[in-house]
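A.B. asks: Counting from 12, one number per residue, gives the positions in the sequence shown under this note's numbering.
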Amino acid sequence: MAGSTPSYRLHIWGWIRRPAQKLIMPNWLAITIGHNIFAWRPVDEFELAHELTHVRQWSANGIMYIPRYFQASRAAAAAGKDRYRDNAFEAEALAATDTLRAARAGGATSLPEDPAPATSPGPPPTR
């Protein structure tokens with residue numbers, strides 16, 4: 012249901028910071044697997060909005076989220092773009108953060124309505 016917060020569990024594991032910086036990316040904060048968000052420190056509401064988008068994406072895609080996510084990274088790189096920021100799944104999560112920041116800057120006290128999660132970014136349109 013749009014506008015509702017999906018069920019999730021937030022796990023704060025300080026010890027995971029250094030290993031994940033080597034395995035995931037140097038500036039990582041959290042990773043979402045299914046309805047579980049793993050972070051090395053508490054997340055703020057903007058970071059949580061980002062991760063909740065990934066929870067919704069996992070819900071929409073199931074286990075296919077994994078290959079679709081990596082395909083989106085490959086597609087971004089093949090287009091000469093950034094593998095992370097231009098990955099369609101990350102772009103959607105970054106947009107959720109931007110939407111919340113804009114709502115907060117405008118004085119909103121409730122969360123903006125969530126868009127439906129992408130089921131797959133798909134290939135870029137062809138002509």
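Note that CB positions come from ideal geometry on N, CA and C, so glycine has one too.
Drop a sphere of 10 angstroms on the beta-carbon of I48, count the other beta-carbons inside from all chains shown, and report buried for 16 or more, exposed for fewer.
C.D. replies: Under this definition I48 is a buried residue.
A.B. asks: Can you give me the C-alpha to C-alpha distance between H2 and A90, rounded to a whole angstrom?
C.D. replies: Outside the displayed range of the chain (12 to 138) lies residue 2, so it cannot be described from this structure.
A.B. asks: Have a look at K33, W51, L63, V54 and flag the residue whose alpha-carbon is nearest the alpha-carbon of S18.
C.D. replies: Among K33, W51, L63, V54, the Cα nearest to that of S18 belongs to L63.
A.B. asks: Can you name the residues that DSSP bridges to L34?
C.D. replies: Paired residue(s): none; L34 is not in a bridge.
A.B. asks: So for R67, helix, strand or coil by DSSP?
C.D. replies: Looking at R67 - three-state DSSP - the assignment turns out to be helix.
A.B. asks: What does a CB cutoff of less than 6 angstroms around W51 pick up in its chain, not counting 5 residues either side in sequence?
C.D. replies: These residues qualify, in order along the chain: G25, I27, R28.
A.B. asks: Taking buried to mean at least 16 other C-beta atoms within 10 Å of its own C-beta, is S81 buried or exposed?
C.D. replies: The sequence given here has Phe at residue 81, not Ser. The residue is exposed, with fewer than 16 neighbouring Cβ atoms inside 10 Å.
A.B. asks: Nearest-angstrom Cα distance between R94 and S15?
C.D. replies: Going from the Cα of R94 to the Cα of S15 covers about 29 angstroms.
A.B. asks: With 16 as the cutoff for other CB atoms within 10 Å, does L34 come out buried or exposed?
C.D. replies: When all chains shown are included, L34 counts as exposed.
A.B. asks: Can you tell which of K92, R85, I42 has its C-alpha closest to the C-alpha of A104?
C.D. replies: Nearest C-alpha to A104: I42.
A.B. asks: Assuming L21 and E56 make a contact with CB atoms under 8 angstroms, what is their CB distance in whole Å?
C.D. replies: 12 angstroms between Cβ atoms; not a contact.
A.B. asks: Nearest-angstrom Cα distance between Y76 and I23?
C.D. replies: Answer to the nearest angstrom: the Cα atoms are 23 angstroms apart.
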